[in-house]
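Report on the following structure.
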Amino acid sequence: MSSPTDHLLEAIALARDNVRRGGRPFGAVVVKDGNVIARGVNEILATNDPTAHAELLALRAAGRALGTPRLDGCSVYASGHPCPMCLAAMRMAGIKEVAFAYSNEEGEPYGLSTAAIYAELAKPLAQQAMKMVHLPVRPEGETELYELWRASLST
1 MSSPTDHLLE AIALARDNVR RGGRPFGAVV VKDGNVIARG VNEILATNDP
51 TAHAELLALR AAGRALGTPR LDGCSVYASG HPCPMCLAAM RMAGIKEVAF
101 AYSNEEGEPY GLSTAAIYAE LAKPLAQQAM KMVHLPVRPE GETELYELWR
151 ASLST
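The UniProt record's numbering puts the first residue of the sequence shown at 1, with every later residue one more than the last.
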């Protein structure tokens, strides 16, 4: 049976291989019942997709492998400290356990820390640098969007 250390070593190996191919130093594996069910590496530079983080790509692959967007019972092992986007995705997917090998502090000298984003997100919305506003626009004569969704579930 594989151990958490084995899974972290695999995530690091994925990250190292990704660096050798010109990518960023991040790899991740999704594990269920001790078995790796999905892997991912950071593909931001290869795809110009700012969301192509190793953890997100591993979550997407895990969802496909399991046939569900719910990843309850899975754990994620990442080479680096997951960013807030990846952490939120893991929470939304039902992941309850995450382990990472390199901290934000270790990544800071290389420009690989997301600690500043975590700090920004901890502030009240009105104090954050990104302007975010609620504009309750509704198309006239249309069913409310969420009502339309709820109705689609019963068909």
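Where is the CB? At the ideal position from N, CA and C, for every residue including glycine.
Distance between beta carbons of Leu45 and Gly22, contact taken as under 8 Å: Within the sequence shown, the letter at position 22 stands for residue 22. Within the sequence shown, the letter at position 45 stands for residue 45. With 8 Å as the limit, Gly22 and Leu45 qualify as a contact, their Cβ atoms being about 7 Å apart.
Ser79, DSSP secondary structure in three states: Taking the first residue of the sequence shown as 1, we reach residue 79 at position 79. In this structure, Ser79 counts as strand in the three-state DSSP scheme.
Residues near Glu97 in its chain [Cβ-Cβ closer than 6 Å; skip 5 each side]: On the sequence shown, position 97 is the one that residue 97 refers to. So the qualifying residues of the chain are Ser75.
Ala116 - containing alpha helix (DSSP H), residue span: Translated into positions along the sequence shown, residue 116 becomes position 116. Where Ala116 is concerned, the enclosing alpha helix (DSSP H) starts and stops at 115-121.
Nearest to Thr138 (by Cα), restricted to the options Leu148, Glu120, Ile95, Glu43: Numbered from its first residue, the sequence shown carries residue 138 at position 138. The question names Thr, but residue 138 in the sequence shown is Arg. Residue Leu148 is the option with its Cα nearest to Arg138.
Segment contact flag, the region 111-131 with the region 76-91, C-beta cutoff 8 Å, min 3 pairs: In short, these stretches touch, since the Cβ pair count reaches three.
Among Pro84, Gln128, Glu10, Ala28, the one whose alpha carbon lies nearest that of Asn104: Position 104 of the sequence shown holds residue 104. Per the Cα distances, Pro84.
With 16 other Cβ atoms within 10 Å as the buried cut-off, status of Pro69: Within the sequence shown, numbered from 1, the residue matching residue 69 stands at position 69. Residue environment analysis places Pro69 among the exposed positions, since fewer than 16 neighbouring C-beta atoms fall within 10 angstroms of its C-beta.
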